[in-house]
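Count along the sequence shown starting at 1, add 528, and that's the number in the working numbering.
Here is the structure we will look at.
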Amino acid sequence: MAQGDNAGGSGVASLRSDDLEKSREYYLKVLADSGSDDSAPIQEARALHSLAHIERKIDLADGAVEYFKAAVTAFDVLLDGDETPEDVIDIHLRLADSHESLSALLANPVGDEALQALEKAVGHFADVIKLKPNDESVIMR
Numbered sequence: 529m530a531q532g533d534n535a536g537g538s539g540v541a542s543l544r545s546d547d548l549e550k551s552r553e554y555y556l557k558v559l560a561d562s563g564s565d566d567s568a569p570i571q572e573a574r575a576l577h578s579l580a581h582i583e584r585k586i587d588l589a590d591g592a593v594e595y596f597k598a599a600v601t602a603f604d605v606l607l608d609g610d611e612t613p614e615d616v617i618d619i620h621l622r623l624a625d626s627h628e629s630l631s632a633l634l635a636n637p638v639g640d641e642a643l644q645a646l647e648k649a650v651g652h653f654a655d656v657i658k659l660k661p662n663d664e665s666v667i668m669r
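Given below as structure tokens:
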């Protein structure tokens, strides 16, 4: 399964607490600037995903849930687009991580909603394995 704060490329686990707030401010600015000519939908989706992990790490669970849900929506839209194969793999990994994280943040982490989120996570990992069948690191996840 996903590897917590580093799953899907967020890298939050390696940040010190004082850097978490700086990163949080950075991602909030990225999102505030979204919709401008310079902004790319994939950058916005990645910012939502990273911000969700930061919110979770600093114990802002409600915010984390909202950002994970927004990231899922944004990444789902991107899967319907014409992203590069590398981006598609990254999107599936981040979707798997987002669903797994959502399941852990729900009020009842063993309830139906959490189990459905985990099933979605497994589905995205299966998609990555289909795209990279010989990549041992993907298979081990």
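Backbone N, C-alpha and C define an ideal beta-carbon position, used for all residues, glycine too.
No experiment lies behind these values; they were computed from the predicted model shown.
Straight-line CA distance for residue i to residue j?
i, j, result
"Ala573", "Ala599", "5 Å"
"Leu659", "Leu579", "27 Å"
"Phe596", "Glu614", "21 Å"
"Asp608", "Gly563", "19 Å"
"Ile667", "Asp546", "34 Å"
"Thr612", "Glu628", "24 Å"
"Gln644", "Arg622", "17 Å"
"Ile657", "Asp610", "20 Å"
"Glu664", "Val638", "29 Å"
"Glu641", "Val593", "13 Å"
"Val558", "His652", "26 Å"
"Tyr555", "Asn662", "34 Å"
"Gly591", "Val616", "26 Å"
"Asp561", "Arg544", "26 Å"
On a Cα-Cα basis, can you pick out the residue from the options that is closest to residue i?
i, options, result
"His581", "Lys648, Glu549, Asp604 and Ile657", "Glu549"
"Ala654", "Ser629, Leu630, Ala642 and His620", "His620"
"Arg552", "Leu623, Pro569, His577 and Ala568", "His577"
"Ile570", "Ala560, Pro637, Asp618 and Arg669", "Asp618"
"Phe603", "Ala575, Leu646, Asp590 and Arg669", "Ala575"
"Leu588", "Ala624, Leu559, Thr601 and Leu634", "Leu634"
"Val605", "Ser631, Asp640 and Ala568", "Ala568"
"Arg479", "Lys648, Ala624 and Ala642", "Since the displayed the chain opens at 529 and closes at 669, residue 479 lies outside it and no answer follows."
Whole-angstrom Cβ separation of residue i and residue j, contact assumed at under 8 Å?
i, j, result
"Val540", "Lys585", "6 Å"
"Leu646", "Ser631", "5 Å"
What residue range does the alpha helix (DSSP H) around residue i cover?
i, result
"Ser545", "Ser545 to Ala560"
"Ile617", "Pro613 to Leu633"
"Asp655", "Asp640 to Leu659"
"Leu576", "Pro569 to Lys585"
"Val666", "Glu664 to Met668"
"Gly591", "Ala589 to Leu607"
7 Å is my cut-off, CB to CB: does residue i come that close to chain B?
i, result
"Glu611", "No chain B appears in the structure shown, which is made up of a single protein chain."
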